[in-house]
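Numbering (numbering that gives the first Met the number 0), first residue to last: 0 to 126.
All remarks here apply to the structure that follows.
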Amino acid sequence: MARLAVEVQNFWVYGSALMVAAATRAVDGGPHAAAQMLIGVLEHWERFGDMTEQWLTLRYITRLLIRLGSHDDAAFLYWAFINAGKPTPLTPAQMDVLIDCLGAARLDALSAPVCIAEVVARARHSL
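Structure follows, in structure tokens:
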């Protein structure tokens, strides 16, 4: 699907295909390969300006960071969602992991309003 989307210059479908492949790898495959794929997806959405899809990509990244044990970075992204008025990117079980690893006080301390460019930069750096 991604190849055909590129041929017809449908960059939304192409980006969506990249994102689904990366998200699937993040859950069921090698997390480090998924991280590299997700960096490419972040760059794709930055280039083509689809902020809805960028937030969806950030959701997958937040969940992958929990899997990788990058709890501070996951907490930063979690708060970015909450402070932007978005639904939580984490499942209840993932939130439990975050609270167990960081503690409620540390989790709360990582809350700060940030712009989307800062969020994307932090996500990219964390991967």
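The beta carbon of each residue, even a glycine, is placed where N, CA and C say it ideally should be.
If you draw a straight line from the alpha carbon of residue 67 to that of residue 15, how long is it in whole angstroms?
Cα to Cα, the separation comes out at about 23 Å.
Taking the beta carbon of residue 50 as the centre, do at least 16 other beta carbons fall within 10 Å, making it buried, or is it exposed?
Answer is exposed; the Cβ neighbour count stays below 16.
Quick one: what's got a C-beta closer than 7 Å to residue 4's C-beta in the same chain, skipping five residues either side?
Its pLDDT being 46, under 50, residue 4 is placed unreliably by the model, and nothing is read from it.
For the region 80-87 against the region 95-105, are there 3 or more C-beta pairs whose distance is under 8 Å?
Output reads no: the region 95-105 does not touch the region 80-87.
I'd like the span of the alpha helix (DSSP H) that includes residue 100, first residue to last.
Looking at the DSSP string, the run of the alpha helix (DSSP H) that includes residue 100 is 91-101.
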